[in-house]
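Visitor: Below you will find the structure I want to go over with you.
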Amino acid sequence: MDFFSSLLGMKMFSYEDIVENLAEGVVGVDLDLNVTVFNQSAEKISGISRSLVMGRPVKEVFRRNVRITEMLEGTLRQGRLFAEYEEKLTTRFYGTLPVGITTSQVFDNDGNLSGAVALVKDLSGIKSLEAGSLRKERLAYIGTFAASLAHEIKNPLSGIRGAAQLLSKKVKGDGLGEYLNVIMKEADRLNVIVNDMLDFARPAKLNKIDLNIHRVLDSVLLLLQEGIPGPFVKAYDPSLPPISGDEAQLTQVFLNLVKNAKEAVGKDGSIQIMTRILTEFHIIEGGAKAGGKMVAVEIKDNGCGIRPEDIEKIFTPFFTTKPRGSGLGMAISLKIVKEHNGHLKIDSTPGRGTMVSVYLPIAGA
Ligand SMILES: Nc1ncnc2c1ncn2[C@@H]1O[C@H](COP(=O)(O)OP(=O)(O)OP(=O)(O)O)[C@@H](O)[C@H]1O
Ligand SMILES: [Mg+2]
């Protein structure tokens with residue numbers, strides 16, 4: 005086969021094909037900043053269909069991402085170039101996505117400026133590797149979903165409860181009040197779950213102060229003391245420095261964790277609460293910051309333990325092994341601890357017990 009026939013047999017592809025198949029999103033604009041190129045990956049990353057954007061002003065297409073427009077405009081008008089510029093892109097389906105944006109000017113065959121182009125690289129894979137958690141992304145997605153669902157549920161729910169309450173006043177003495185009580189009680193229970201869901205989904209505003217974690221723990225233990233067979237065993241390190249944290253949110257974390265321990269031990273169990281300072285020589289799963297001093301709070305129970313195949317799942321919202329559990333306690337706790345730049349670790353042996361360790365950065369570290 006000679007050179008030309010081999011060329012004829014070869015399948016040719018165009019520049020368009022290359023652009024179309026790039027892993028990076030390609031967004032091209034003309035001199036008026038109207039979109040002229042929008043490849044498959046751009047559709048995927050932004051969640052916007054190409055048919056809706058072609059010919060439209062890039063400013064409108066990326067209404068929620070002003071930076072992209074500014075960058076393209078700067079590139080086009082002032083020749084400013086951006087290389088792998090890290091941005092957070094607000095997308096339709098994935099929440100905000102970390103991306104790297106590279107821009108350049110585009111010239112036609114005669115060397116005249118004809119537009120600008122932005123390459124948008126999805127960095128979420130790299131970022132989540134960095135953060136050591138794909139889980140986070142999944143939770144962010146579930147969180148947004150849960151928030152909208154919870155909102156939709158709240159109004160009809162309060163309607164149901166209100167109606168049941170009115171009705172219960174009317175039917176007094178009919179022996180029907182019992183049923184209405186059930187309706188009201190179950191509505192209240194649903195309301196608690198919905199509020200938990202909203203808590204979980206809402207981006208937290210941390211009100212961080214220098215906090216004595218022993219005070220937080222004591223208030224939790226006081227609340228949960230009732231019905232416990234033996235008292236809680238406390239092993240506090242008296243020299244523990246204050247941590248930097250949000251009192252209300254951390255109270256919620258330890259309420260969840262100690263409540264779980266209580267539910268795991270049953271009648272004749274014991275629960276130990278220990279605190280200590282962690283030096284940089286200790287290695288925490290997930291990697292503590294080198295040199296960053298942390299405080300460790302350990303909650304150890306000799307309860308039922310967690311099956312190895314369930315360990316990963318217990319942080320997933322709604323995973324529960326309890327008949328009346330909502331399965332949100334651990335998910336919420338992990339979220340709060342992470343927001344404090346802390347870590348949460350589980351060691352558990354089925355039939356023997358569980359130790360949950362919470363690591364929190366000390367104040368001023
Ligand atoms: N200390 C523990 N001992 C044994 N199992 C535990 C412990 N902590 C958590 N788990 C397991 O993890 C699951 C999820 O816990 P999580 O606190 O998220 O939800 P829950 O306790 O089931 O319900 P909720 O806390 O919403 O009432 C529990 O159902 C249980 O199976
Ligand atoms: Mg729980």
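If you read the sequence shown in our numbering, its first letter stands for residue 5, the second for the next number, and so on.
Every residue gets a Cβ at the ideal spot worked out from N, C-alpha and C, and that includes glycine.
Just so you know, these numbers come straight off a predicted model, no measurement behind them.
#1: When you compare only the Cα positions, how much space is there between Glu28 and Ala122?
#2: Give me the Cα-Cα distance between Ala292 and Gly346, rounded to the nearest whole angstrom.
#3: For ligand 2, any of its heavy atoms closer than 8 Å to the Cβ of Asn199?
#4: Flag Val257 as yes when its Cβ comes closer than 8 Å to any non-hydrogen atom of ligand 1, and as no otherwise.
#5: When every heavy atom of ligand 2 is checked, does at least one fall within less than 8 Å of the C-beta of Gly333?
#6: How about the segment 108 to 121 and the segment 27 to 47: do they share at least three Cβ pairs that are nearer than 8 Å?
#7: Look at the alpha carbon of Val301 and the alpha carbon of Asp222, and state the distance between them as a whole number of angstroms.
#8: Can you have a look at Asn113 and say buried or exposed, based on whether 16 or more other CB atoms are within 10 angstroms of its CB?
#9: Which ranges would you report for the alpha helix (DSSP H) in the segment 243 to 287 if only whole runs of at least 4 residues count?
#10: Taking 9 Å as the cut-off, decide whether the C-beta atoms of Asp314 and Thr358 are in contact.
#11: DSSP three-state label for Asn185, please.
#12: Three or more C-beta pairs under 8 Å: does that hold for the segment 330 to 348 against the segment 259 to 266?
#13: Compare the Cα-Cα distances from Glu90 to each of Phe97, Ile105 and Glu77 and report the closest residue.
#14: Thinking C-beta only, is Leu254 closer than 9 Å to Ile310?
#15: For Asn211 versus Glu251, is the C-beta spacing smaller than 9 Å?
#16: May I ask you to report which of helix, strand or coil DSSP gives Asn306?
#17: Are the CB atoms of Ile49 and Val103 nearer to each other than 9 Å?
#18: Applying the criterion that 16 or more other CB atoms from any shown protein chain within 10 Å of the CB defines a buried residue, is Ile213 buried or exposed?
#19: Between Tyr363, Met75 and Gln229, which lies nearest to Lys238 when the distance is taken from Cα to Cα?
#20: In this structure, does DSSP put Gly179 in helix, strand or coil?
Guide: Once the coordinates are examined:
#1: Counted from its first residue, the sequence shown places residue 28 at position 24. Counted from its first residue, the sequence shown places residue 122 at position 118. Taking the straight line from one Cα to the other gives about 9 Å.
#2: Along the sequence shown, one-based indexing puts residue 292 at 288. Along the sequence shown, one-based indexing puts residue 346 at 342. Low confidence applies to Ala292: its pLDDT is 44, below 50, so where it sits in the model is not reliable, and the reading given next is rough at best. Those two C-alpha atoms are separated by around 8 Å.
#3: Start at 1 with the first residue of the sequence shown, and residue 199 comes out as number 195. No, the beta carbon of Asn199 sits no closer than 8 Å to any heavy atom of ligand 2.
#4: Reading the sequence shown from its first residue, position 253 is the one you call residue 257. No.
#5: The sequence position of residue 333 within the sequence shown is 329, counting from 1. Checking every heavy atom of ligand 2 against the Cβ of Gly333, one is found closer than 8 Å.
#6: yes
#7: Stepping through the sequence shown from its first residue, residue 301 is reached at position 297. Stepping through the sequence shown from its first residue, residue 222 is reached at position 218. For Val301 and Asp222, the distance between alpha carbons rounds to 13 Å.
#8: As a first step, residue 113 must be located in the sequence shown, where it is residue number 109. Exposed is the call here.
#9: 251 to 269
#10: By 1-based counting over the sequence shown, the position of residue 314 is 310. By 1-based counting over the sequence shown, the position of residue 358 is 354. Their beta carbons are not under 9 Å apart, which means Asp314 does not touch Thr358 by this criterion.
#11: The sequence position of residue 185 within the sequence shown is 181, counting from 1. Three-state result, Asn185: helix.
#12: yes
#13: Against the sequence shown, residue 90 aligns to sequence position 86. Selected option, being the one with the closest Cα: Ile105.
#14: The residue given as residue 310 occupies position 306 in the sequence shown. The residue given as residue 254 occupies position 250 in the sequence shown. No, Cβ-Cβ distance for Ile310 and Leu254 is not below 9 Å.
#15: Taking the first residue of the sequence shown as 1, we reach residue 211 at position 207. Taking the first residue of the sequence shown as 1, we reach residue 251 at position 247. For Asn211 and Glu251, yes; Cβs fall inside 9 Å.
#16: Position 302 of the sequence shown, counting from 1, holds the residue named residue 306. Residue state, collapsed to three classes: coil.
#17: By 1-based counting over the sequence shown, the position of residue 49 is 45. By 1-based counting over the sequence shown, the position of residue 103 is 99. Going by C-beta atoms, Ile49 is nearer than 9 Å to Val103.
#18: Taking the first residue of the sequence shown as 1, we reach residue 213 at position 209. Exposed.
#19: Here residue 238 is taken as the residue at index 234 of the sequence shown, counted from 1. It is Gln229 whose Cα lies nearest to the Cα of Lys238.
#20: Taking the first residue of the sequence shown as 1, we reach residue 179 at position 175. Of the three classes helix, strand and coil, the one that applies to Gly179 here is coil, per DSSP.
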